[in-house]
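Take a look at the structure set out below.
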């Protein structure tokens with residue numbers, strides 16, 4: 001399956017490859033696949049807003065699994081800003097999950113140093 005997706009450089013194939021790698025729990029490779037999907041959506045001539053939205057949320061979930069909470073929070077914040085609040089319920093949820101996990105990971109002194 002990975003070989004077939006490698007030949008067709010479309011956003012849908014990168015998204016499919018990322019979802020397959022999530023099931024295999026290969027999160028570093030999953031992150032790369034979703035980042036390529038986002039780039040393919042951005043560089044595409046056609047409107048792929050739905051595909052881009054899904055890939056971005058899947059990338060954030062992957063970053064949370066990799067315990068890269070500050071990076072996940074930053075990406076979610078930039079993702080949420082240009083959109084209307086009612087369209088981003090899942091993005092707000094994922095950002096909240098990442099914030100909760102980052103606060104439980106660090107002590108009070110470490111959190112002060114981060115901010």
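In full-length UniProt numbering, the protein residues as written are 1 to 115. In this text, a Cβ means the ideal position worked out from N, Cα and C, and glycines have one as well.
Problem set entry | Span separating the alpha-carbon of residue 56 from that of residue 104 | About 25 Å.
Problem set entry | Inter-residue Cα distance where the pair is residue 26 and residue 33 | Computed Cα separation, rounded: 11 Å.
Problem set entry | Nearest candidate by alpha-carbon position, reference residue 53, set 76, 65, 71 | It is 76 whose Cα lies nearest to the Cα of residue 53.
Exercise. So what does DSSP say about residue 60, is it helix, strand or coil?
Worked result: Of the three classes helix, strand and coil, the one that applies to residue 60 here is helix, per DSSP.
For this session: Specify the secondary structure class of residue 94 as computed by DSSP and reduced to three states.
Result: The DSSP-derived three-state label of residue 94 is helix.
Exercise. What separation, rounded to the nearest whole angstrom, lies between the Cα atoms of residue 69 and residue 100?
Worked result: Spanning the two alpha carbons is a distance of roughly 9 Å.
For this session: Indicate the three-state DSSP secondary structure (helix, strand or coil) for residue 16 in the structure shown.
Result: Correct three-state label for residue 16: helix.
Exercise. From what residue to what residue does the alpha helix (DSSP H) around residue 75 run?
Worked result: That run of the alpha helix (DSSP H) goes 69-80.
For this session: Please work out which residues of its chain come closer than 7 Å, Cβ to Cβ, to residue 10, disregarding the five sequence neighbours upstream and downstream, and give them in chain order.
Result: For residue 10, the CB contacts under 7 Å within the same chain, skipping 5 residues up- and downstream, are 40 in chain order.
Exercise. Run through DSSP, which three-state label would residue 5 get?
Worked result: Note that residue 5 scores a pLDDT of 48, beneath 50, so its modelled location is shaky; the value from the coordinates is reported in the next line. Residue state, collapsed to three classes: helix.
For this session: Using a Cβ-Cβ cut-off of 7 Å, state whether residue 28 counts as contacting chain D.
Result: Among the protein chains of the structure shown there is no chain D, as only one such chain exists.
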